[in-house]
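Once you know that position 48 of the sequence shown is 48 in UniProt numbering, the rest is easy, because the numbers rise by one and skip nothing.
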Amino acid sequence: MSQTSTIVTASVAAAVTGLVAYAAYFDYQRRNKAEFRRELRRNERKQHKAEKETAQQETIRQRQALKQAVDDAKDEGFPTDVEQKETYFLQQVSEGETLSADPTRAVDAALAFYKGLKVYPTPQDLISIYDKTVPKPVLDVLAEMIAYDDSLEIGEYQGGINADFSNLPTVGLD
Numbered sequence: 001m002s003q004t005s006t007i008v009t010a011s012v013a014a015a016v017t018g019l020v021a022y023a024a025y026f027d028y029q030r031r032n033k034a035e036f037r038r039e040l041r042r043n044e045r046k047q048h049k050a051e052k053e054t055a056q057q058e059t060i061r062q063r064q065a066l067k068q069a070v071d072d073a074k075d076e077g078f079p080t081d082v083e084q085k086e087t088y089f090l091q092q093v094s095e096g097e098t099l100s101a102d103p104t105r106a107v108d109a110a111l112a113f114y115k116g117l118k119v120y121p122t123p124q125d126l127i128s129i130y131d132k133t134v135p136k137p138v139l140d141v142l143a144e145m146i147a148y149d150d151s152l153e154i155g156e157y158q159g160g161i162n163a164d165f166s167n168l169p170t171v172g173l174d
């Protein structure tokens, strides 16, 4: 028993000593050798560049997937009868609400909300409701889908503030 614990203790002590020695060597190199520091900076820049390229590729891939999902939804078609539109709308919105509870299903939830938006008679009113009720990640995906679909009749922005700016004091050099 004592022999096993002695071997384990010696092994752990040797491993810790090796790690401390390597840390001391690395620190010495970092402090005293300019070429070593330059190499560390180069490696860091390369790693940042690779991460940035990977993120850009992922963004492009995700946008293409969103465009494909919107195109597929358009190809499926939407109901034209008023009663069918109402049923379809309620079905899609309830599906979107269910899917939006799971953060990993944001694209599916946004697609369901998008389909509901396509058959809603006044899309801009529904968008303002979505702004208040839909989780932000799903809303961001939905916004990209809406931006891609040029056939969606949103209309111009009707909101704004009703303020008279003529009586505000001017600030500046007189």
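In this text, a Cβ means the ideal position worked out from N, Cα and C, and glycines have one as well.
query, result
"Does the separation of the CB atoms of L142 and A110 fall below 8 Å?", "yes"
"Quick check on K74: does DSSP put it in helix, strand or coil?", "helix"
"Can you tell me whether F113 is buried or exposed, with buried defined as 16 or more other CB within 10 angstroms of its CB?", "buried"
"Could you compute how far the alpha carbon of T133 sits from the alpha carbon of V93?", "11 Å"
"Leaving aside the five residues before and after A73 along the sequence, list all residues of the same chain whose C-beta is less than 7 Å from its C-beta, in chain order.", "L111, Y114 and K115"
"My assumption, with CB atoms under 8 Å, is that F89 sits in contact with V119. Please give the rounded CB distance.", "5 Å"
"Out of curiosity, what's the CA-to-CA distance linking A10 and R31?", "31 Å"
"R38 to A24, Cα distance in whole Å?", "19 Å"
"Measure the Cβ-Cβ separation of D108 and L117 and say whether it is below 8 Å.", "no"
"Is the beta carbon of V70 less than 8 Å from the beta carbon of M145?", "yes"
"Have a look at E97 and K49 and give me their C-alpha separation to the nearest angstrom.", "38 Å"
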